[in-house]
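The structure appears below as structure tokens.
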Amino acid sequence: MTSPSNSAIFYSILFFLPIVLFLFRRQFSRKLNLPPGPTPWPFIGNLNLIGPLPHVSIHSLSQKYGPLMHLKFGLSPVVVGSSAEVAELLLKTHDISFASRPALLAG
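Residue 32 in UniProt numbering sits at position 32 of the sequence shown, and the numbers go up by one each step.
Given below as structure tokens:
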């Protein structure tokens with residue numbers, strides 16, 4: 001029997017490494033205490049669930065997952081408060097906890 005060629009080993013690693021990394025990352029991200037939300041797709045997150053009228057799409061998602069839900073827009077995690085009570089809770093009561101801004105690339 002001959003041993004597999006180097007290119008076959010390379011392509012096998014190239015194929016299985018992203019799958020293993022995705023599953024490894026997914027396993028450890030489940031331990032976060034996040035609000036309920038739909039399962040995101042790789043790379044696009046939950047953008048496929050947002051239609052041409054985003055407020056209508058968010059409202060229909062809130063009927064299923066509640067007034068506080070976790071979505072992923074691309075690779076960015078988003079916490080959505082879709083009722084007046086939750087918005088007040090997030091913006092007034094716990095405003096310091098949610099006051100974060102993305103790091104800018106330009107100085």
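Think of the CB as a built atom: it goes at the ideal place given N, C-alpha and C, for glycine as much as any other residue.
Close Cβ partners of residue i (< 7 Å) along its chain, the five nearest in sequence each way excluded
i	result
residue 41	48
residue 35	68, 69, 70 and 79
residue 83	67
Burial state of residue i (16 or more Cβ within 10 Å)
i	result
residue 14	exposed
residue 6	exposed
residue 37	buried
residue 61	buried
Beta-carbon proximity list for residue i, same chain, < 8 Å, skipping 5 on both sides
i	result
residue 33	none
residue 75	43 and 45
CB of residue i within 8 Å of CB of residue j, strictly
i	j	result
residue 72	residue 45	yes
Contact test: residue i Cβ vs the ligand NAP heavy atom, cutoff 7 Å
i	result
residue 16	Of the ligands one can find in the structure shown there are none, so the ligand NAP has no counterpart to examine.
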